[in-house]
Each structure stands twice: as structure tokens, then as C-alpha cells.
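So the sequence shown is numbered by our numbering: it starts at 1 and just counts up by one.
Backbone N, C-alpha and C define an ideal beta-carbon position, used for all residues, glycine too.
Beneath this line is the structure, given in C-alpha cells, with notes to follow.
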Amino acid sequence: MNAISHDVAKPAVAPGSQGSKLAALNAWVAEVAALTKPDAIHWCDGSDAENAALIAQMEADGTLVKLNESTHPNSYLHRSHPDDVARVEHLTFVCTSRQDDAGPNNHWMAPADGHAKMDALFDGCMKGRTMYVIPYCMGPIDSPLSRCGVEITDSPYVVANMRIMTRMGAPSLARIEREGTFVKGLHSIGELDPERRFIMHFPEELTIKSFGSGYGGNALLGKKCHALRIASHQARSEGWLAEHMLILGLENPQGETHYIAAAFPSACGKTNLAMLIPPEGYRAKGWKVWTVGDDICWMRPGADGRLYAINPEAGFFGVAPGTSAKSNPNALKSIQSNTIFTNVGVTADNQPWWEGLDDGQTPVTDWRGNAYDPAKGPAAHPNSRFTVSAKQCPSYSPEAENAAGVPISAIVFGGRRPSLVPLVFEARDWTHGVLVGAAMGSETTAAATGAVGVMRRDPMAMKPFCGYNFADYFTHWLSFDQAGANLPKIFHVNWFRKGDDGSFLWPGFGENLRVLEWMIQRVKGEAGSVETPIGHLPKDDEINLDGVQLTDEARAKLFGFEREGWQAEFASIGEYLDEYGPRMPQALKDEQQRIAKALGN
Ligand code: OXD
Ligand code: MN
């Protein structure tokens, strides 16, 4: 690294930028260096040589452990601090000038207090460390929908992950120089002390400050912090949407591809759906699924009134447990090489291993680095992850690099709902669809610290990620329904419905294609439906179930409408909307009341 790092005593100036439009960036880097007092500053160029030097340094100090080179070439294991394994929602803040602008959905601190708290933590925190300056672009480098940022961090693990997850380095610096604007993200792992850990967002200043965690969602600032919390705020004022959604292309045997964006809470199968392999019969006929993105979607109306979407990320930071040749063969193929695994177990011959991999192997070491003992818990942490370039995915869509984005035909909302919610229903119109998204509920998962399996409302899967008041966010969503708009149809799915014995009623995974097929038929006006107060359900046999074995209980629960349960659900949705007070758009309240009335409430 010495050849490319420079001494902190020299001015902190971006390479080749003297007197250029990078003055604001140079001034900020100098200010951060004065506060954090690193031993050296390194401007990341994203090159292979830089990455190789960083990896060698991390191997030498034990941050990374090399995995089996013949089975997993160029792949590494990182074991995090055992207290630093997930997002920390209770320590994540949105610091807007007015508390109401952050809303009841966010923890809030006044910007001056937030800065003071964070700057006290950052004071001198990089002594003895190198400060890395990472220019990055979220989205294809030449897309008008993309946005740039710069993350300053003292973690080489963050640099290596950002290199996979974003377009990082020289081309991004050049775009920042052209545009003159960028999101500022300051990160330090500090001492990884959970008592000194905060993730703060200052959306009005396009600034993020994150201290005390190296975990992806808290530390790879381009992802949740920039591409969702800051971007959602920016999108509101600029007339677009920044969403926690996968994007996939569904190609039918006629060669037509329809793009679908789908919001599911963290660890609810977005990566699996984005990389779906159609069931054998469908494959034989020519059906294909193309992966555009697995976690984040930025979309805006195009000249034809349709919504056009890009995936702002360049890689996947996916949940490892449960990923297998059966559940997600494309993900498994993607992570055979050039992958960073975090907190998985290891086999005797040094291969990464996790629960649900189902490869017939057994682990010898658990995610903490101890000898594996099933009595002491799983080998892999339930939120263990892989980081890999999207280009390694066999189903990666060539359209993912299209600067114009892809046109969205359908938006899907869904959560983990063991009871009541059928397999699929379609919203009556845009306003109803916004209510369906706003009312989304799901059981919590290991992607955030705290109890797992607790039902909570998670509107549009954005509960942990919306950078402003949900009431204003719903108003923003409603505003897209205007003259000239040609909006996608909105659907709700539930892959997680359980039977009386607690087992899942729908086979899921590749079989979910059958539901997507119905959606596209609906978009094209080719499939019927049954109208109920909660929306349109598929008519008997409209979903192709050839080759799927379903019990009578499964059929009744997956395709039925349970009036009494929905009456209670709508009463609870009404109470939820009321929590936002007078800012909640009347149109959404009216929609809730209209449906409640139709249900007989
Ligand atoms: C993620 C998350 O990592 O949602 O994508 O937590
Ligand atoms: Mn996510």
C-alpha cells in the first residue's frame, strides 16, 4: 500500500485534482483528517493492484482468512466481532431540522446534537490507522439516474466490500468532478463497542456518520445509508423513488421480457426471487428470469409515463444460510470464486459452510472461529453473508447496465405472514396499491439485532430505511398517479403462509414463477380474477398448478379470503395509519375506510 498511500502531513488532495471542482471534496477530506488524525490517507482508485495489496494486508493481520483455493478461488472469510453481526435499528438516527420531518418511523436527533455526538466519537479515532477515501457511484456510471458519494473509512474490509458493491474508484471520482455534488459518508469501526455505536443520517446535508460497527448495513455506506435513507429523501424532492426492492426480468417463450420490482423485508427471499430458476416444465418452454438487482431499486417516470428502474448496486450482499443448489442455484454458482464470506462456518478442507447449504459436508469451525459444537448454536451466524460482484451471477441481466433503466410492469409487496394473507392478490388501482404497501406486515428476521419472529408493520419493506416521515412518503407515492402516468400494477404476495401444523403451505423458490406468470397475464389483460374487498384474487385455475401437490388445506388458505380475519386486520391498519396524525394523506385513510366498510367493519 505504501506506493499509493501518502503521508498525512501532505495536503489531502484527490489525485490530479489541484484547483479543480473537487475543492469541496478536498476540503472535507482535510477536515475529517484533522478530526480523526489518521497515520496515512489513501485515495482508492479501485484498481486490481490496490485490491490485491489490501487483501494481502488483511490476510497478514488476520482480518481475512483465505478459503480453499481449488474449490473457491480468490475467496476469503471474515469473522466479525461477535457483537457486530447485524444492523442496529435502535442506534440508527435521522437528523432533520424538524423532528416531524423524520417522523415516528425514525429515531431522531437535532442535527447539531447529532454532529456533536458523532464528532466526539470520531475525535482522534483513526490514530495508528490509515484513512481510506472511497469515491463511488450508485448505479451505472453513465446513467442520469445514478448518484455518487464518497465514503471515508478506516476499515480495509469496508473498502474491499465497497469495491464489489459499488462502482468505486477513478471513474466515480471523474463523475464527482464533473457534477460537483456527492453524498458524504464518514465511517470508523472505532473500538466496535456496542455502547459507542451510532449510525446517523443528515439528509438535508447529504451526510452520513457511522461509528463503531463494521457490519455491512451499518458500514458499507453506499447501501442502506446512501441508497435508501439519504436517497429516499433526495428522491422525494426530485420526483423519483428509492426503494428496498429487487428487480427481475421475466422472459416468456415469445421472447418478451417484463420487469418486476418487489419489496420484501430483509432476509425474506429477495435474492432468491431475483435469481429464480423456472420449474423444469417452464424452462423447457423457454421461460427465463433475468436478475437486475436483489435489494435496492431506484425508479423514476420516463417520457412515456412508465417507471424506469436501475439497481444502484454492483454486487450482492446476500444472506448465506438457506442458500443451496435447490433454493438458489444461481447464487451458489455466483459465489464459487472472488467472494468475501462473513461469519460463515468452515469445513475441514477450508470451504465455507452454512446451515441449509445441504452439500453433504460438515463444518469443523463455527462463525466465531471455535470448534463447531451443534449444542452451542449454528455453525454460521443466521445473518452471515456473502459479498460478490453481480457480474458473476449466471442470470445477471445485460439490461442492468442500461443507463436508461428498465421499464417496470409490476410492483410486488410481500412479507412473512404465517396466517390470514393469501398467496397473491392484486390491488384495484394505484391508491389501493399504496395502501397495500403501507399496510405491509412481516415477522422480524436476524438481519437486524433484536427479537426474531415478531410481527411488525414494515411499510414497503422500508421501516428501517425510509429517511423521512412515512406519512410524507405515502403522499409522495400517491403523487405518481397523475395525468400521463402509465404506472405498474401493484400486487401483494405471501410465500410464508403456514398450515395448522406450522409447516409452509406453498413450495416457494422456483415455483413462485407460477405467481409471476399470473401477474404478467393480468398486466396484459389476459387473466381473470375474483374481486374481493382486499383486491383481486386469482380465479380458480388461473394460476398454473400443474405438477404442484397442494393439500385441501393449502388450497383453501393460499387462495381463500377470510373475511373475519381481514376485518381485524383492517381495524389494526386504521390504528397504524392514525399513529402518523394529520400528516397521513387523507386519500390513504379514505381507502382504508372504504375497504373496512366493504368488509363489514
Ligand atoms: C440487507 C438488509 O442487508 O436488508 O439487505 O439488511
Ligand atoms: Mn436489504
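May I have the straight-line CA-CA distance separating Glu-242 from Ala-403, to the nearest angstrom? At residue 242 the sequence reads Ala, which differs from the Glu that was named. Cα-Cα distance, rounded: 16 angstroms.
Outcome for Gln-549 when other beta-carbon atoms lying within 10 angstroms are tallied against a minimum of 16: exposed
Could you pull the start and end residues of the alpha helix (DSSP H) that Met-162 belongs to? 156-165
Residue environment, Ser-218, which counts as buried when at least 16 other CB atoms sit within 10 Å: The residue you asked about is not Ser; residue 218 is Asn in the sequence shown. Buried: at least 16 other Cβ atoms inside 10 Å.
Can you give me the Cβ contacts of Met-462 inside the same chain, cut-off strictly under 6 angstroms, excluding the 5 residues immediately before and after it? Excluding residues up to 5 positions away in sequence, His-244 lie with their Cβ nearer than 6 angstroms to the Cβ of Met-462 in the same chain.
Is Asp-295 near the ligand OXD, with its Cβ less than 6 angstroms from a heavy atom? yes
Give every residue of the same chain whose Cβ lies closer than 6 angstroms to the Cβ of Asp-45, excluding the five residues on either side of it in the sequence, and list them in chain order. Gly-169 and Ala-170
Beta-carbon within less than 6 angstroms of Cys-297's beta-carbon, same chain only, minus the 5 sequence neighbours each way: which residues are those? Glu-243, Met-245, Ile-247, Ala-261 and Ala-309
Alpha carbon to alpha carbon, how far is Asp-119 from Leu-35? 8 angstroms
According to the neighbour-count rule (16 or more other Cβ atoms, all chains shown, within 10 Å of its Cβ), is Val-454 buried or exposed? When all chains shown are included, Val-454 counts as exposed.
Would you identify the three-state DSSP class for Met-275, choosing helix, strand or coil? coil
Considering only their Cβ atoms, is the gap separating Lys-37 from Lys-127 smaller than 7 angstroms? yes
DSSP beta-bridge partners of Met-455: Glu-443
From Asp-142, Asp-101 and Gly-214, pick the residue whose C-alpha is nearest to that of Phe-202; which is it? Asp-101
Identify, in the order they occur along the chain, each residue of the same chain with its Cβ nearer than 6 angstroms to the Cβ of Thr-63, setting aside the five sequence neighbours on each side. Tyr-157
Buried or exposed for Thr-92, please, with buried defined as at least 16 other CB atoms from any protein chain shown within 10 angstroms of its CB. Around the C-beta of Thr-92, 16 or more other C-beta atoms lie within 10 Å, and the residue is accordingly described as buried.
Enumerate in chain order the residues of its own chain whose CB-to-CB distance from Ser-442 is below 6 angstroms, with the five nearest sequence positions on each side excluded. Pro-265, Gly-415, Arg-416 and Asp-458
Could you compute how far the alpha carbon of Ala-587 sits from the alpha carbon of Val-65? 55 angstroms
The ligand MN and Ser-266: does the residue's C-beta get closer than 6 angstroms to at least one heavy atom of that ligand? It does: the Cβ of Ser-266 is within 6 angstroms (strictly closer) of some heavy atom of the ligand MN.
Is the number of C-beta pairs between the stretch 152-166 and the stretch 220-239 that are closer than 8 angstroms three or more? yes
Under the three-state reduction of DSSP, which class applies to Thr-475: helix, strand or coil? helix
Cα-Cα separation, Lys-285 to Pro-279: The C-alpha of Pro-279 is placed about 10 angstroms away from the C-alpha of Lys-285.
With which residues is Gly-318 paired in a DSSP beta bridge? Phe-386
Indicate, with yes or no, if the ligand OXD has a heavy atom lying under 6 angstroms from the CB of Ala-274. no
Euclidean distance between Cα positions of Tyr-76 and Ser-572: Rounded to the nearest whole angstrom, the CA to CA distance from Tyr-76 to Ser-572 is 46 angstroms.
Reference Gly-560; option with closest CA among Glu-575, Asp-546, Pro-533 and Phe-480: Pro-533
Less than 6 angstroms between the CB of Gly-414 and some heavy atom of the ligand OXD, yes or no? no
Opposing strand residues paired with Ala-448 [DSSP bridges]: By DSSP's assignment, Ala-448 forms a beta bridge with Arg-87.
Go through the stretch 362-444 residue by residue and report every complete run of the beta strand (DSSP E) that reaches 3 residues or more, in order. The qualifying runs are 363-365, 385-389, 406-414, 424-426 and 441-443.
Ranges of the beta strand (DSSP E) found wholly within the stretch 243-296, counting only runs of at least 3: 245-251, 257-263 and 288-293
Beta-carbon proximity check, Leu-558 vs Leu-423, cutoff 7 angstroms: yes
DSSP-derived helix/strand/coil call for Ala-40: strand
As an exercise, report each continuous beta strand (DSSP E) stretch of at least 3 residues that is fully enclosed by the stretch 115-161, in chain order. Complete beta strand (DSSP E) runs here, min 3: 130-138 and 147-153.
Using CA coordinates, which residue listed in Ala-53, Trp-287, Lys-498 and Ala-23 is at the minimum distance from Pro-253? Ranking the options by Cα distance to Pro-253, first place goes to Trp-287.
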